[in-house]
Amino acid sequence: MSGEDALASVGTMAQLKVESDGAIIEGGAGTEGPFRYGGYTFRLLDIERTLRLRIDEGPIPLSVKPGNEALIPGSLSTLEFGQFRKGSITRLDGTRQELRPHVTVRKKGTSGEPALLRLGETVIVDGALVSLADARETAVLRYRYDPGRAVVLAGALLAVITVMLRLFVPYYLLAYRIDDSGEIVRLDLFASSGGAFSSKAKLLQRIERLLTKDDLRPEALPD
5 MSGEDALASV
15 GTMAQLKVES
25 DGAIIEGGAG
35 TEGPFRYGGY
45 TFRLLDIERT
55 LRLRIDEGPI
65 PLSVKPGNEA
75 LIPGSLSTLE
85 FGQFRKGSIT
95 RLDGTRQELR
105 PHVTVRKKGT
115 SGEPALLRLG
125 ETVIVDGALV
135 SLADARETAV
145 LRYRYDPGRA
155 VVLAGALLAV
165 ITVMLRLFVP
175 YYLLAYRIDD
185 SGEIVRLDLF
195 ASSGGAFSSK
205 AKLLQRIERL
215 LTKDDLRPEA
225 LPD
């Protein structure tokens, strides 16, 4: 078993910084758990990595993604890159070890064990010096807002109270029309009610009593 086969990754973690009221709160989101702050939950979906290669100490680096191929400028050779590895790892025997950042690399069309290209080191490809100058990582996050149990319970209680008021508290809708086209002015009333204890008949009777009190004599009130 090779050294690479005897290693198991501990987990992937992205460090997050949240600035709030002049203070900076740091936390991690990764395979071992999300990062929670202020009702928000951040989960790590993926980490996108970009390798920056320098050819013969040239001023312009060559960018390549791990797992892809790259044609070396000034050469007819194409390099195949494996996965970029860094951080803490655990051997199968339970011991823990810090990994120096590196990527496996192989000349396309060849067989055998790939070479390890570590950060800051160099390999020779057809006389060209290929060094791993930098490795940049970008975290892809997903987040959701959870107001908390208290807010959810308060919203549910408010909904129950609203339904109870709608069912048991009486409410009425009144509409009227005044007809003064004839010698007698007519006041037509229309009423609808809701709620378990509402009574449209009692409401209309009360209105009739008020009209009679002021010496108004309605001919009839609609049902």
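First residue of the sequence shown: 5, per the numbering used here; consecutive thereafter. For glycine and all other residues, C-beta sits at the position ideal for the given N, C-alpha and C.
- When rounded, the separation of the alpha-carbon atoms in G43 and E84 is 44 Å.
- Of all C-beta pairs linking the region 104 to 121 to the region 71 to 91, three or more are shorter than 8 Å, placing the two stretches in contact.
- Taking V144 as the centre and dropping the five residues before and after it, the same chain places the C-beta of L48, L49, D50, I51 and E52 closer than 8 Å to its C-beta, in chain order.
- In the displayed model, L55 falls within a strand according to three-state DSSP.
- The C-alpha of P38 is placed about 40 Å away from the C-alpha of M168.
- Between the C-alpha atoms of Y180 and S203 there is a straight-line separation of about 18 Å.
- Only residues of its own chain outside the window of five on either side were considered, and among them Y44 and F46 have a CB closer than 6 Å to the CB of Y147, listed in chain order.
- Of the residues assessed, S185 falls on the exposed side of the cut-off, its CB having fewer than 16 other CB atoms within 10 angstroms.
- For F172, the three-state secondary structure derived from DSSP is helix.
- The region 116 to 132 and the region 66 to 82 touch, with three or more beta-carbon pairs separated by less than 8 Å.
- E141: member of the beta strand (DSSP E) spanning A132 to Y149, first to last residue.
- The three-state secondary structure of T166, taken from DSSP, is helix.
- The Cβ atoms of L193 and I182 lie no closer than 8 Å to each other.
- In this structure, A139 lies near L55, with their beta-carbon atoms less than 8 Å apart.
- Assignment of beta strand (DSSP E) within the region 34 to 83, counting only whole runs of 3 or more residues, yields 39 to 41, 44 to 59, 66 to 68 and 73 to 75 in chain order.
- The Cβ neighbour count for V68, taken over all protein chains shown within 10 Å, is at least 16; the residue is labelled buried.
- Taking all protein chains in view, the Cβ of L214 is surrounded by fewer than 16 other Cβ atoms within 10 Å, so the residue is classified as exposed.
- The three-state secondary structure of V189, taken from DSSP, is coil.
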